[in-house]
Structure formats: C-alpha cells, structure tokens
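A.B. asks: Here the sequence shown is numbered in our numbering, starting from 2 and rising by one per residue. We put the CB at the ideal spot given by N, CA and C, even for glycine. First the structure, then my questions, so here it is.
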Amino acid sequence: MTAGGRDKPDAAVVRDALAVGVAVGLSGFAFGVTSAGSGLGLLQTCALSLLVFTGASQFALVGALAAGGSPFTAAAGALFLGVRNAFYGLRLSQMLALPRAVRPFAAQWVIDETTAVTLAQPDRRAARIGFTVTGLSLYLLWNLTTLLGALGAKAIGDTRAWGLDAAGPAVFLALLAPMLKTATERAVAGLAVLLGLVLLPVLPAGVPVLVAALAAPAALLAEGRRDGRTGGSVKDVPEVSGGADELDGSGGSSGPSRPSGSTGSGGRTGPDRPDVVKPDVVKEDR
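Right, dumping it as structure tokens:
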C-alpha cells in the first residue's frame, strides 16, 4: 500500500499504458505517409522514427520540408520542439530512479505520452510499469506504422487531400490541452498559436515555430510585472485591538477595556493615568 492507500493494480497500469501506446502509435502511419509525400525516402523516414522518436518534432521537420523550407530551418524547428523532452527527463529521473546503466536507453522513450502516463501513477512501481509499457508499445507500433505509411504513400496519393498531415499535430494538441491548468499556461499557448498563424504566410517554413516560442518569456515577463505592481502594496495591516490594557507595559491582563472612570494601576482614574497610551503619542511614534 502507498501513502493514503492510493495503490493501483499492475493490470490497471498496463491497461492504461497500452491504451495510450496503441492510440498514439497508430498515428505513425500518418507520419510515414506525410514524410514520403514530402520527398524523403523510405530509409530516411524510418530512421527519423527510430532515432528521433518524438512525433511533434518529426511532423514539424517533414512539414517544413514539404512547404519548401531549407533543411537547416526545418531541423532547427524540430530540435526546438524536442527540447521539451529534456525537461521531462529531469522530472522522470527523480520519479523513476532507474539504474545508471538503463538511463541512456530509457531516455529514448522520454516523450509526451510516456511522461503523461508516468506522472499519473501513485507510486514508483506503478510509474515504472507505466513508463515501460507505454514506451515499448508506442515505440514498436510507431515504427511499424511509419514503415507501412511510407510504403503505402504512393497508393494513397496526396496526403493533404486525406488530411493525414494533420493527424500528428492533432494528437499532440489533444495531449497538451489538459495540461493547461493555469491562466499563464493558457496565455502562453494562445499567444503561441496566434504568432504561428499570423507569421505562417510571411516567414519561411519552420521559422514561425521558432518565433512562436517567444510566447513563453513574453507571458512570464508580463506576469512578473503584474506581480511586481501588486506585491509592493500594503495589504491587510493588522489593527491593534484590546484597549489600552494591551499597550500597558505594567503586565495588566488583556480583555475588554475598562469603563471610563474605573480604577486602574495605582488607583488613579481618568485620562491622566500613566498606564494609558494616548492616541497622539502612538501617531508620533509611528
């Protein structure tokens, strides 16, 4: 049992992991068709899935090439999208705590889908099972369907007519959308989409992806300035309560203030009692 009784049967973890692996792995067919349609050969297409193995970056690369972009620009956009996997790895390395000898091989499977399944698990054992099953099933199926898509590209014809070139980005957005929980995250996503759509007709293929990444620092900068404006204001200043007895240094008990004219310390009465701090004195001390 884990803390709070949140254990999860291994069979349930395997079932969830296979569901993600199969559902996303089938979209490798769309990548194979799109890659072959953009001019890449069979070996080049399969090598991308075997070695790169991150769907969004692969689609960005072949999409930029198909639109007439230079190989350097297309590779830069794909590489920039792939940087997110490095941040995934930092989180997963702590959660999985894999042996050092296994980490280089496991790094190949650090992608959106394996990260989502792993982080959804309640303990380390379930996280390791989810990561392994998702990564293995997705890697095998993605590469198999990539091969089938590349072989069948000629029979299908124009991929844009079938809409298969949009399958990969659609899957990526479907996984990303539930992660946008805060207003800042939604602002970053919305601004990135806006920049990409506006700049797509005027910039070379692949460049709008790089420019859209500026949405993140822009949103964070705006949030920092807003916090700076509100953080310096005086808020919720506590008021002194309890009457004159709480301000009395003679150790008098706190509680309801005495009625006027009641006997205080030393038997003196009235406003001239030495144990009463006058309001004008408090103002001057501040």
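Given that a residue counts as buried once 16 or more other Cβ atoms are within 10 Å of its Cβ, and exposed if not, what is Gln-288?
C.D. replies: Any property of residue 288 remains undetermined from this structure, which presents the chain solely from 2 to 287.
A.B. asks: For Glu-114, which residues in the same chain have their Cβ closer than 8 angstroms to its Cβ, ignoring the five residues on either side in sequence?
C.D. replies: Contacts found: Val-21, Gly-22, Val-25, Thr-135, Leu-139 and Leu-176.
A.B. asks: Considering Cα atoms alone, identify which of Asp-124, Leu-141 and Gln-45 is closest to Gln-109.
C.D. replies: The shortest C-alpha separation from Gln-109 is found at Leu-141.
A.B. asks: In angstroms with no decimal places, state the Cα-to-Cα distance between Pro-72 and Arg-129.
C.D. replies: Roughly 37 angstroms separates the two Cα atoms.
A.B. asks: Mapping DSSP to helix, strand and coil, what is Thr-103?
C.D. replies: Reading off the sequence, residue 103 comes out as Val, not Thr. It is coil, neither helix nor strand.
A.B. asks: For Asp-228, is the classification buried or exposed, using 16 other Cβ atoms within 10 angstroms of its Cβ as the cut-off for buried?
C.D. replies: Exposed: under 16 other Cβ atoms inside 10 Å.
A.B. asks: Let me check understanding here. Comparing Cα to Cα, which of Ala-213, Val-203 and Leu-200 lies closest to Gly-191?
C.D. replies: When only C-alpha atoms are compared, the closest one is Ala-213.
A.B. asks: From what residue to what residue does the alpha helix (DSSP H) around Gln-45 run?
C.D. replies: Start and end: 43-48.
A.B. asks: Do you know how far the Cα of Leu-195 is from the Cα of Val-208?
C.D. replies: Their backbone Cα atoms lie some 14 angstroms apart in a straight line.
A.B. asks: On the three-state DSSP scale, how would you describe Asp-90?
C.D. replies: Checking the displayed sequence, the identity of residue 90 turns out to be Gly instead of Asp. If DSSP states are grouped into helix, strand and coil, Gly-90 belongs with the helices.
A.B. asks: Along the alpha helix (DSSP H) that carries Ile-130, what are the first and last residues, could you check?
C.D. replies: Counting along the chain, the alpha helix (DSSP H) containing Ile-130 begins and ends at 125-152.
A.B. asks: Tell me which residues share the same chain as Leu-19 and place their Cβ nearer than 7 angstroms to its Cβ, disregarding the 5 neighbours each side in the sequence.
C.D. replies: The answer, listed in chain order, is Val-134 and Ser-138.
A.B. asks: What does a CB cutoff of less than 7 angstroms around Thr-46 pick up in its chain, not counting 5 residues either side in sequence?
C.D. replies: The residues are Gly-33, Ser-36, Ala-37, Thr-147 and Ala-151.
A.B. asks: Comparing alpha-carbon positions, which option in Glu-186, Gly-197 and Leu-198 lies nearest Ala-223?
C.D. replies: The option with the nearest alpha carbon to Ala-223 is Glu-186.
A.B. asks: Classify Pro-202 as helix, strand or coil using the three-state DSSP reduction.
C.D. replies: In this structure, Pro-202 counts as coil in the three-state DSSP scheme.
A.B. asks: DSSP on Pro-218, reduced to helix/strand/coil?
C.D. replies: DSSP places Pro-218 in helix when its eight states are reduced to three.
A.B. asks: Counting C-beta neighbours from all protein chains within 10 Å, is the total for Thr-116 16 or more, i.e. buried, or is it exposed?
C.D. replies: It counts as buried.
A.B. asks: Between Ala-79 and Ala-107, how many whole angstroms is the CB-CB distance? I'm expecting something under 8 angstroms.
C.D. replies: Not really, about 22 angstroms apart at Cβ, beyond 8 angstroms.
A.B. asks: Could you please give the first and the last residue of the uninterrupted alpha helix (DSSP H) stretch that includes Val-63?
C.D. replies: That run of the alpha helix (DSSP H) goes 56-67.
A.B. asks: Do Val-63 and Ser-28 have their C-beta atoms closer together than 7 angstroms?
C.D. replies: Their beta carbons are not under 7 angstroms apart, which means Val-63 does not touch Ser-28 by this criterion.
A.B. asks: With Leu-52 as the anchor, note down where its alpha helix (DSSP H) starts and where it stops.
C.D. replies: Unbroken run through Leu-52: none, as it is neither H nor E.
A.B. asks: Need the endpoints of the alpha helix (DSSP H) that Thr-116 sits in, please.
C.D. replies: Run containing Thr-116: 113-120, per the alpha helix (DSSP H) assignment.
A.B. asks: By the DSSP assignment, the alpha helix (DSSP H) with Thr-74 in it spans what residues?
C.D. replies: Per DSSP, Thr-74 belongs to the alpha helix (DSSP H) from 72-83.
A.B. asks: Kindly indicate which three-state DSSP category Leu-97 falls into: helix, strand or coil?
C.D. replies: Note: Leu-97 maps to helix in three-state DSSP.
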